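Using the working numbering, the final residue of the sequence shown is 216, and nothing's skipped along the way.
Down below is the structure, laid out as structure tokens.
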Amino acid sequence: MLTYVRRGFVRSPVDGEVGPDKLGDDVEDLARLIERHGGPAVVLGSSSGAIVVLELLVRRPDLVRAAIAHEPPLITLLKDRDAIATRFDAVLATYRGEGAGGDGRVRRGHRGGHTSPAARAGAGRDPPGVPRHAGAVAGEQRVLVRARVRPPYPVHELDLLVLREHAARLVLAVGSVSRAEGQLAGRRNLVLARRLGLTPVEVPGGHLGYLEDPAGFAAALEGVVGLLAWET
């Protein structure tokens, strides 16, 4: 198994401004990584990372054995997208006015719900023995909010026709808490599943379910992902 840090996040700092097509850069980075390690691969992404995974499946399906997208923040899929976009703009304005202190509001506004104590306890942790770069948190917030990740990612338009062609390799994961509480974080995948003719896979927790219950999160995906990867 291979994990990596997208450019501009935590231990992958970027000097200067992020390029104008951050999503395109992320997809190309992931494609090169898979090619270097002999792909195709089973790829998992959560939140904005799930958008990268979906776009990889659109652009480079040859590199994907199975794709797992956990709660991508795509408001373009929703009927009330304009109202949500207005709310996001207000939250982002708060961030820009308050700096790093407003980042929690940005994240809560994006999820449309609350974070559990388990997720809050795990949210800032790095893997054991891997230190964070100085200023990494502030840098990540800049990339997320100020430098073109949060503003454009939620309004990205997926090519649903191409995705439908490769839907047999796609797993759309929704947190049990997100779904039960009708959170914005989970609504996007429920709509996307209907539009692609898929059944969403329920995983434990909310938008940070992989932190709340890592073992349960993995177990919920293991069987269906293994079947997809075997069939492809």
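Note that beta-carbon positions come from the ideal geometry of N, C-alpha and C, so glycine has one too.
All values reported here derive from a predicted model rather than from experimental measurement.
Setting aside the 5 residues that flank it on each side, M(-15) has no residue in the same chain whose C-beta is closer than 8 Å to its C-beta. Of the candidates G22, L40 and D9, L40 places its Cα closest to the Cα of G29.
Counting the other CB atoms within 10 Å of its CB gives P198 a total below 16, which places it among the exposed residues. The C-beta of R20 has fewer than 16 other C-beta atoms within 10 Å across all chains shown, which makes the residue exposed. Looking only at V155, G(-8), G200 and S160, the smallest Cα-Cα distance to R178 is reached by V155. Looking at the backbone, the Cα of T70 and that of V48 are separated by about 35 Å. Looking from the CA of L61, the closest CA among F(-7), L168, G159 and L205 belongs to L168.
In the DSSP assignment, the residues bridged to G29 are A53. A straight-line Cα-Cα distance of about 19 Å links R16 and A53. In this structure, N173 lies near P184, with their beta-carbon atoms less than 8 Å apart. Comparing alpha-carbon positions, the option among E196, A203, H191 and V175 lying closest to D64 turns out to be V175. Counting only the Cα atoms, R148 lies some 17 Å from A157. The alpha-carbon separation between L180 and L144 amounts to approximately 7 Å. Every beta strand (DSSP E) of 3 residues or more that sits fully in the region 156 to 203 is shown, in chain order, as 185 to 187. Secondary structure note for A152: it is in no alpha helix (DSSP H), with a DSSP letter that is neither H nor E.
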